[in-house]
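> Submitted below is the structure of interest, expressed as structure tokens.
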Amino acid sequence: MITKRIIPCLDVRNGRVVKGVNFEGVQDVSDPVQLARHYSEEGADELVFYDITASFEGRQLFTDILRSVAEQIFIPLTVGGGINTVEDFDRVLKCGADKVSVNSGAIRNPDLIPAAALKYGSQCVVLSADVKRVDGVFHVFSHGGRIDTGMDALEWIHRGVELGAGEVVLNSIDTDGVKRGFDLEMLNAVTEIVDVPVIASGGAGNMQDFVTLFREAPGVDAGLAASIFHFGEVSISALKDTLAENGINVRRIG
Amino acid sequence: MIAIVDYGVGNLFSLCCSLKSLELDACVTAEPAVIRNADKVILPGVGAFGDAIDKLRETGLDQIVLEEAVSGKPLLGICLGMQLLFDKGYEFGEHEGLGLLRGSVVAMHGSIPEGLKIPQMGWNALIRKRPHPLLREVREGDCVYFVHSFYAADCEESLVATTEYGKELTAVVARENVMGCQFHPEKSGPVGLRILKAFAEMKL
Chain A
3 MITKRIIPCL DVRNGRVVKG VNFEGVQDVS DPVQLARHYS EEGADELVFY DITASFEGRQ
63 LFTDILRSVA EQIFIPLTVG GGINTVEDFD RVLKCGADKV SVNSGAIRNP DLIPAAALKY
123 GSQCVVLSAD VKRVDGVFHV FSHGGRIDTG MDALEWIHRG VELGAGEVVL NSIDTDGVKR
183 GFDLEMLNAV TEIVDVPVIA SGGAGNMQDF VTLFREAPGV DAGLAASIFH FGEVSISALK
243 DTLAENGINV RRIG
Chain B
488 MIAIVDYGVG NLFSLCCSLK SLELDACVTA EPAVIRNADK VILPGVGAFG DAIDKLRETG
548 LDQIVLEEAV SGKPLLGICL GMQLLFDKGY EFGEHEGLGL LRGSVVAMHG SIPEGLKIPQ
608 MGWNALIRKR PHPLLREVRE GDCVYFVHSF YAADCEESLV ATTEYGKELT AVVARENVMG
668 CQFHPEKSGP VGLRILKAFA EMKL
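Going down the list, the protein sequences come from chains A and B. If you read the first sequence in the numbering used here, its first letter stands for residue 3, the second for the next number, and so on. If you read the second sequence in the numbering used here, its first letter stands for residue 488, the second for the next number, and so on.
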């Protein structure tokens, strides 16, 4: 049976990973290539690179790094951040990305989703949504979660999948950074309405949170986190051991 | 030298890098002469069956691949490239494949239980059906990375390994020098690299 995926997310600014700490055997934790290799060796099932630079030079640096990661690390790579056009897809796919996630770019121009899906296939187009409860309703936020679009999140995600997104990353702003577990209610609401893989993001604080995620939100395919992996609070290999002990099917390496 | 056949389908960057990381001599090419001179040939592919086989025929590379396969040169089809090796594909209509392997490529939709997501996207374990040198370094339970909505059916004579996704789906096939894998070895971590290495070192 297909395994549940564990995905570390690396924010890259000006060619460096933001928020890196020390790992045994990794000399420079803000070097995206070294950190990517470390995660891959630990058993990460996929890597997400999020480009948080705005400048042209920063973009150039980002694609150089992406190429260098893709030359050395042979697991699926997803790239997000600043994807507004089909040309942006082209730019990162040429450098070794397998999937590209769209967020604000698709909110501004939903036609980006079918245009990219037609050219590269749905499996390549990931809809990333930052969602927060507003008066008890799930709203989509844009611009890194800063601006309330007023759009109903479930409607938007459903539409995005209809338009051709082959996967959804659901980031709950309500649980993000709180480290008290994933937003199970929000995740279950989304897995109810779409039939593509859903990746949970926001809220992981410890290993048990992942066990709870896969048990209580069985429609979720993968768990994504950044800081708990970067700060060494949770190692991916130990996390996989724990998940396996709890009867959750994961890929083991070694 | 391993020739990766470039017929305008899919991204060959990772495949090329994965072979280079194994210190194998590989090149992405659309040149018949380069394919003819290669020791081994890889037929990649991402997208839809009909589009891909049309492109392969438009470039005339279908004939080169067929000639090389018939001459006994080791050929590895990857993902859609594996599917093209079969007699027929039923993605958006009926299409003739290369006919190097018996069987047809059919939709998972309607063939696997309701509720399972299509495409199958992610890591799944290989289930070996018979020994084969391609899997010589693969252990029971090793996972590889799949992204597919169609699968090869009625291919018992070439079946080497399957994967369980509501039912057993074809994962690895081989008949003499013609081989294929449904998953992406170039995205399957160390296990995938071991499979590519086994192909590169295979003596036929």
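Think of the CB as a built atom: it goes at the ideal place given N, C-alpha and C, for glycine as much as any other residue.
Let me know the alpha helix (DSSP H) ranges lying completely inside the stretch 499 to 550 of chain B, each 4 residues or longer, listed in chain order.
Runs of the alpha helix (DSSP H) inside the stretch 499 to 550 of chain B: 500 to 508, 519 to 524 and 536 to 545.
> What does a CB cutoff of less than 7 Å around residue 222 of chain A pick up in its chain, not counting 5 residues either side in sequence?
Closer than 7 Å at the Cβ level, and outside the excluded window around residue 222 of chain A, lie 189, 193, 200, 202, 215 and 216.
> Go ahead and pull the three-state DSSP assignment for residue 36 of chain A.
Residue 36 of chain A: helix per DSSP, three-state reduction.
> Could you work out which residue in B:687, B:675, B:523 and B:570 is closest to residue 532 of chain B when comparing CA atoms only?
Here the closest residue by C-alpha is B:570.
> Hey, is residue 64 of chain A's beta-carbon within less than 8 Å of any beta-carbon in chain B?
False, the Cβ-Cβ gap to chain B never drops below 8 Å.
> Hey, how far is the Cα of residue 54 of chain A from the Cα of residue 581 of chain B?
Residue 54 of chain A and residue 581 of chain B: Cα-Cα distance of roughly 45 Å.
> Are residue 633 of chain B and residue 609 of chain B closer than 8 Å when you measure CB to CB?
A contact, by the Cβ cut-off of 8 Å.
> Residues of the stretch 633 to 644 of chain B in Cβ contact with chain A at a cutoff of 9 Å, in chain order, please.
Listed by position, the residues of the stretch 633 to 644 of chain B near chain A (Cβ gap below 9 Å) are 633, 634, 635 and 636.
> With a threshold of 8 Å between beta-carbons, can residue 673 of chain B be considered close to chain A, or not?
Closer than 8 Å to some Cβ of chain A, the Cβ of residue 673 of chain B qualifies, so yes.
> Applying the 10 Å Cβ sphere with the 16-neighbour rule, what's the burial state of residue 561 of chain B?
Answer is buried; the Cβ neighbour count reaches 16.
> Checking the sheet assignment: what are the DSSP bridge partners for residue 50 of chain A?
According to DSSP, residue 50 of chain A bridges with A:11 and A:80.
> I'd like the list of long-range same chain contacts for residue 599 of chain B, defined as Cβ closer than 8 Å, with 5 residues on each side in sequence excluded.
If we look at residue 599 of chain B and ignore the five residues flanking it on each side, its Cβ neighbours are 605, 652, 653, 654 and 656.
> What are the boundary residues of the alpha helix (DSSP H) that includes residue 68 of chain A?
Segment 58 to 74, the alpha helix (DSSP H) holding residue 68 of chain A.
> Only counting the same chain, and skipping five residues up and downstream in sequence, which positions put a Cβ closer than 8 Å to that of residue 629 of chain B?
So the qualifying residues of the chain are 612, 613 and 678.
> Pick from A:117, A:111 and A:80: whose alpha carbon is nearest that of residue 99 of chain A?
Checked all of A:117, A:111 and A:80; the closest Cα to residue 99 of chain A is A:80.
> Residue 13 of chain A: buried (16+ other C-beta within 10 angstroms of its C-beta) or exposed?
With 16 or more other Cβ atoms within 10 Å, it is buried.
> Considering residue 575 of chain B, what are the terminal residues of the alpha helix (DSSP H) in which it resides?
Run containing residue 575 of chain B: none in the alpha helix (DSSP H); it sits in the beta strand (DSSP E), 573 to 576.
> Measure the Cβ-Cβ separation of residue 128 of chain A and residue 88 of chain A and say whether it is below 8 Å.
Against a cut-off of 8 Å, the Cβ pair of residue 88 of chain A and residue 128 of chain A comes out as no contact.
> Can you find a CB in chain B that lies within less than 8 Å of the CB of residue 78 of chain A?
Closer than 8 Å: yes.
> If you draw a straight line from the C-alpha of residue 72 of chain A to the C-alpha of residue 135 of chain A, how long is it?
So the two alpha carbons sit approximately 37 Å from each other.
> Step through the CB atoms of chain B and report whether any lies within less than 8 Å of the CB of residue 70 of chain A.
No - not a single Cβ of chain B is within 8 Å of the one on residue 70 of chain A.
> Determine which residues of the stretch 175 to 205 of chain A have a Cβ less than 7 Å from any Cβ of chain B, and write them out in chain order.
Listed by position along the chain: 197, 198 and 199.
> Do you know offhand how far residue 197 of chain A's Cα is from residue 635 of chain B's?
If you take the alpha carbons of residue 197 of chain A and residue 635 of chain B, they lie about 15 Å apart.
> Do we get a CB-CB distance below 8 Å when we pair residue 5 of chain A with the residues of chain B?
Yes, residue 5 of chain A counts as interfacial toward chain B.
> Counting only Cβ pairs nearer than 8 Å, list the residues of chain B close to residue 42 of chain A.
Per Cβ cutoff of 8 Å: 676.
> Could you confirm whether any beta carbon from chain B is found closer than 8 Å to the beta carbon of residue 137 of chain A?
No, no contact with chain B.
> Suppose you measure from the CA of residue 184 of chain A to the CA of residue 207 of chain A; what does that come to, to the nearest Å?
For residue 184 of chain A and residue 207 of chain A, the distance between alpha carbons rounds to 9 Å.
> Within 10 Å of its beta-carbon, does residue 195 of chain A have 16 or more other beta-carbons around it, so buried, or fewer, so exposed?
Looking at its Cβ environment, which holds fewer than 16 other Cβ atoms inside 10 Å, residue 195 of chain A is exposed.
> Residue 98 of chain A versus chain B: which residues are under 9 Å apart at the beta carbon?
Correct list: 498, 500, 501 and 504.
> Using a Cβ cut-off of 8 Å, which residues of the stretch 151 to 176 of chain A contact any Cβ in chain B, in chain order?
Within the stretch 151 to 176 of chain A, the residues whose Cβ lies closer than 8 Å to some Cβ of chain B are 168 and 169, listed in chain order.
> The beta strand (DSSP E) spanning residue 638 of chain B covers which residue range?
It spans 637 to 640 - the beta strand (DSSP E) in which residue 638 of chain B sits, taken as one unbroken run.
> Report the three-state DSSP secondary structure of residue 489 of chain B (helix, strand or coil).
Of the three classes helix, strand and coil, the one that applies to residue 489 of chain B here is strand, per DSSP.
> In the DSSP assignment, find the unbroken alpha helix (DSSP H) run with residue 228 of chain A in it and report its ends.
Neither: residue 228 of chain A is in no alpha helix (DSSP H) and is coded neither H nor E.
> Should residue 659 of chain B and residue 621 of chain B be called a contact, given that it needs their Cβ atoms to be closer than 8 Å?
Cβ distance < 8 Å, so residue 659 of chain B and residue 621 of chain B count as in contact.
> On the premise that residue 86 of chain A lies in contact with residue 60 of chain A, defined as a C-beta separation below 8 Å, what is that separation, rounded to the nearest angstrom?
Contact flag wrong, Cβ pair sits at about 15 Å.
> Using 10 angstroms around the beta-carbon of residue 682 of chain B, count the other beta-carbons present and answer buried if the total reaches 16, otherwise exposed.
Buried.
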